[in-house]
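Going by this note's numbering, the first residue of the sequence shown is number 4, and it counts up by one from there.
Cβ atoms here follow ideal geometry from the backbone N, Cα and C, with glycine treated the same way.
Presented below is the structure to which this report refers.
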Amino acid sequence: FPVARGLLRRSLRQMRRGRTLRKGLTVKLSKTQIAIPSAIVLLAAIAGGAQLWGQHEARLRVEQTLAALPAGATGHYQQLDYNVFTRTLRLTGLAIAENGQPFLSVHRAVLHHLSGEGSDANPLHADTINVTELDAWRGGHRITVSHAIVKDAAFLAPGLPSPPTTPLWLRSTADGTLLSAGSIAATDIADDNGTTLAAVSATGYDDGKLREASARDFADRQGNRIATLAAEQIDLGGLDRVFDTGRYTIDAASWTGLRPLIGHAEISGFVTKGSHGSSSIDHMTLDGFAARPFALSPTGAHCQTDAFRRDAAEAVSLSNFSLGGLTFSDKETGTSGSLGQITVSGYQAGSLAHFALNDWSVTSPHQATVSVGQMQLTKFDASGLLAKDADLAPEDWITAVQTGEVKLGGMEVAKVAAHLPGNQTVTLQALKESVSGTNPLATQFSLQGLSLPASISPSLQGLLEPLGIETLVLDFDEAGSFDQTTGSSTLDHVVLTAAGLGSLSLSGQFANLPRSVTDSADPMTVLSQIGIGHAKLSFTNQTLVQKIIVMMAKRSGQSEAQITSGARTAASFMAAAVVPDQADAGQQIGAFIADPKTLTITTAPVKPVPVAGLLGPNLRAAQSALNLQLSAD
Numbered sequence: 004f005p006v007a008r009g010l011l012r013r014s015l016r017q018m019r020r021g022r023t024l025r026k027g028l029t030v031k032l033s034k035t036q037i038a039i040p041s042a043i044v045l046l047a048a049i050a051g052g053a054q055l056w057g058q059h060e061a062r063l064r065v066e067q068t069l070a071a072l073p074a075g076a077t078g079h080y081q082q083l084d085y086n087v088f089t090r091t092l093r094l095t096g097l098a099i100a101e102n103g104q105p106f107l108s109v110h111r112a113v114l115h116h117l118s119g120e121g122s123d124a125n126p127l128h129a130d131t132i133n134v135t136e137l138d139a140w141r142g143g144h145r146i147t148v149s150h151a152i153v154k155d156a157a158f159l160a161p162g163l164p165s166p167p168t169t170p171l172w173l174r175s176t177a178d179g180t181l182l183s184a185g186s187i188a189a190t191d192i193a194d195d196n197g198t199t200l201a202a203v204s205a206t207g208y209d210d211g212k213l214r215e216a217s218a219r220d221f222a223d224r225q226g227n228r229i230a231t232l233a234a235e236q237i238d239l240g241g242l243d244r245v246f247d248t249g250r251y252t253i254d255a256a257s258w259t260g261l262r263p264l265i266g267h268a269e270i271s272g273f274v275t276k277g278s279h280g281s282s283s284i285d286h287m288t289l290d291g292f293a294a295r296p297f298a299l300s301p302t303g304a305h306c307q308t309d310a311f312r313r314d315a316a317e318a319v320s321l322s323n324f325s326l327g328g329l330t331f332s333d334k335e336t337g338t339s340g341s342l343g344q345i346t347v348s349g350y351q352a353g354s355l356a357h358f359a360l361n362d363w364s365v366t367s368p369h370q371a372t373v374s375v376g377q378m379q380l381t382k383f384d385a386s387g388l389l390a391k392d393a394d395l396a397p398e399d400w401i402t403a404v405q406t407g408e409v410k411l412g413g414m415e416v417a418k419v420a421a422h423l424p425g426n427q428t429v430t431l432q433a434l435k436e437s438v439s440g441t442n443p444l445a446t447q448f449s450l451q452g453l454s455l456p457a458s459i460s461p462s463l464q465g466l467l468e469p470l471g472i473e474t475l476v477l478d479f480d481e482a483g484s485f486d487q488t489t490g491s492s493t494l495d496h497v498v499l500t501a502a503g504l505g506s507l508s509l510s511g512q513f514a515n516l517p518r519s520v521t522d523s524a525d526p527m528t529v530l531s532q533i534g535i536g537h538a539k540l541s542f543t544n545q546t547l548v549q550k551i552i553v554m555m556a557k558r559s560g561q562s563e564a565q566i567t568s569g570a571r572t573a574a575s576f577m578a579a580a581v582v583p584d585q586a587d588a589g590q591q592i593g594a595f596i597a598d599p600k601t602l603t604i605t606t607a608p609v610k611p612v613p614v615a616g617l618l619g620p621n622l623r624a625a626q627s628a629l630n631l632q633l634s635a636d
């Protein structure tokens, strides 16, 4: 208008001067000279009218929207400006109250290229929403945002119900529900409980799903911290349905198969603190997380039930997970510890492709520390146990693995140490186990470098100290197969070695040989049911026999030669009783005692002989049936 008025005045002055010019000449004005300023004035009037009308309509729409808020909610603003040509709405001092209490306030909001009605069929749309100093009240608490910007946003007008796919914690009927956004960014977020968040951003929000999201510098009054968080391909509605108990209603949307919920996520600098202790994680990553809703609510007493644990094991799947730099302390139990790294890959329905744990350490209240350098499992499958009525006790897991009920491709443990009070340490260099096949089930198991100080228990100390042994170091190696149809076992070899003392080895075929023995089973009953087939039992001496002779000589006051002579005589009588069908059995065992190297006993029965026969009155017949042979090398 100022420009148009100036042009109009200028034209009128020219018209007055143009009627009479110098030298008395009279000139007529052209139509163009008259039309141009007139057109400018007309356009300016139309533009001004459109602007006034647009301003009026924008004000009317905003006031109608505020009037349509849910019952008990009221709203007002201080100033409104609307540019009809750029479709830009500026609101200052917007405030919404609910039942007389503040609900939302915005110091300044600018909406660029605003269009739409705000309905389901025609949502409100803005190219950019720029908000400064936003305050929101939820559950009696105040949340503040210093600055927020949303691009390419579509949302419902206040008062309209949110779509069912909107996560519960994102629904906001009173101030309008966001339906989609190209990007969202906010800085300096805080609440009145002392929680702060430096920045949060998200891209590609639509229908309850996000393409990417990130946050940094989260902190609360309790000392919990997150340095950075980033995630991709996030199904917010799905996560809400699985983990938010507020969505567990009869008519809530559900699905039966696994649904992708998070494509990738990373967290760094995670610290938690509570009244009972604290923990921290340097970094954590997750890939390919999918789930279905649990049968029961994921909180409260339900989580303590076997039914929930089994359902949860089937309800989630995971492509990859890793966690590094974990430290924790628990004041209630008095324990503390650390974990270098843990990785999990290929988990679904009770089966796991790979699990690895490195540099794990836990210290008990009594200052006993257990550390594990490395542990890994491969091809672990416990899916068959998910249908069982009762959980397995910890000791029964070994039975389940060895009988094939729980399948295990391989297990490795290395560098295990238990530092006990009294400056005692138990160590294990390595433990390995692998299981393959179905029937027969082939197993391999090895244990290397199990170091036991004699003082660890009174009974062990009473056994080893008289022999002059301060530390017992054991190795164990087993390989064989188990036929689950016939119950027969083939032991390729079982070797127990005591470093520097000697070794005991066993191989052969056995019937009814249990893969493990439960605590409730009677050992003698289990033993008596074993059937002995072709077998070989050998003892290879290093220094054990000599140490026993020295110990017996000291106790009896006799010489070592006297002890050796007496032992040869006693062993000869014993060999004759154990191997009655072998004439030189006594000579063989006597030769071993005189020069202890390897003593071997073999069996070659026509068919397996029950051990019960060796424990009853038919001992002689069982010995003959076993076809025993004794030899010394």
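#### Entry: Same chain only: Cβ atoms within 8 Å of Leu499, ignoring 5 sequence neighbours per side
Leu477, Asp478, Phe479, Ser506, Leu507, Ser508
### Query
Taking only runs of the alpha helix (DSSP H) that begin and end inside the region 520–571, which ones reach a length of at least 4 residues, in chain order?
526–531, 547–559
### Query
How long is the line joining the alpha carbons of Ser449 and Glu481, rounded to whole angstroms?
6 Å
### Neighbourhood of Val497 by C-beta, 6 Å cutoff - its chain only, sequence neighbours within 5 removed
Glu481, Leu509
### Query
Which class does Gly75 belong to by DSSP, given the choice of helix, strand or coil?
coil
### Query
In three-state terms, what does DSSP make of Ala316?
helix
#### Entry: Which of helix, strand or coil DSSP assigns to Asp333
strand
### Query
What residue does the beta strand (DSSP E) around Thr281 start on, and which one ends it?
Here the sequence assigns Ser to residue 281, which means Thr is not the residue at that position. 280–294 is the span of the beta strand (DSSP E), which, as asked, contains Ser281.
### Task
Pick out whichever of Ile187, His369, Leu602 has its Cα sitting closest to the Cα of Pro424.
His369
### Task
Just grab the DSSP bridge partners of Trp363 for me.
Leu342, Val375
### Query
Can you give the Cα-Cα distance for Leu516 and Thr605, rounded to whole angstroms?
18 Å
### Message
To the nearest angstrom, how far is the alpha carbon of Glu473 from that of Ala457?
### Response
5 Å
### Query
Going along the chain, which unbroken runs of the beta strand (DSSP E) with 3 or more residues stay wholly within the region 171–213?
181–194, 199–209
### Message
Give me, in chain order, the residues of the same chain whose beta-carbon lies closer than 6 Å to that of Gly616; leave out the 5 immediate sequence neighbours on both sides.
### Response
Ala625
### Task
Under 6 Å Cβ to Cβ from Leu355, same chain only, skipping five residues before and after it: list those, please.
Phe383
### Task
Could you tell me which residues DSSP pairs with Asn86 in its beta bridges?
Thr91
### Message
Taking the straight line between their C-alpha atoms, what separation do you get for Glu269 and Thr199?
### Response
20 Å
#### Entry: Distance, Thr77 Cα to Ser165 Cα
19 Å
#### Entry: Burial state of Thr488 (16 or more Cβ within 10 Å)
exposed
### Classification of Phe88 by the beta-carbon crowding that lies within 10 angstroms, buried from 16 upward
exposed
### Message
With H, G and I counted as helix, E and B as strand and the rest as coil, what does DSSP make of Leu127?
### Response
strand
### Message
Could you give the first and the last residue of the continuous alpha helix (DSSP H) run that contains Ala445?
### Response
Per DSSP, Ala445 belongs to no alpha helix (DSSP H); it is in the beta strand (DSSP E), 444–456.
### Message
Rounded to the nearest angstrom, what separates Thr288 and Gly119 at their Cα positions?
### Response
41 Å
### Query
Three-state secondary structure (DSSP) at Gly490?
coil
### Query
Does the Cβ of Pro443 lie closer than 7 Å to at least one heavy atom of the ligand ADP?
Looking at this structure, you won't find the ligand ADP or any other ligand, since it has none at all.
### Query
Skipping 5 residues on each side, what residues in its chain have a beta carbon closer than 6 Å to that of Thr147?
Asp138, Ala193
### Query
By a C-beta neighbour count over all protein chains shown, 10 Å radius and 16 as the cutoff for buried, is Met527 buried or exposed?
exposed
### Query
Can you find at least 3 beta carbon pairs, one from the region 319–327 and one from the region 275–288, that sit closer than 8 Å?
yes
### Task
Quick one: measure Cβ to Cβ for Gly3 and Ser322, integer angstroms, because I've assumed they're closer than 8 Å.
Because residue 3 is not part of the residues shown, which for the chain are 4 to 636, the question remains open.
### Task
Look up Leu622 in the DSSP assignment and say whether it is helix, strand or coil.
helix
#### Entry: Segment contact flag, the region 461–469 with the region 429–441, C-beta cutoff 8 Å, min 3 pairs
no
### Query
Can you name, in chain order, every residue of its own chain whose Cβ lies under 6 Å from the Cβ of Ser271, other than the five neighbours on each side?
Ala230, Thr231, His286
### Task
Just list the beta strand (DSSP E) runs in the region 459–491, keeping only unbroken ones of 3 residues or longer that don't cross its boundaries, in chain order.
474–485
### DSSP three-state assignment for Gly349, whether helix, strand or coil
strand
### Message
Classify Glu335: buried if its beta carbon has 16 or more other beta carbons within 10 angstroms, exposed otherwise.
### Response
exposed
#### Entry: Where Ser108 sits in the DSSP three-state scheme
strand
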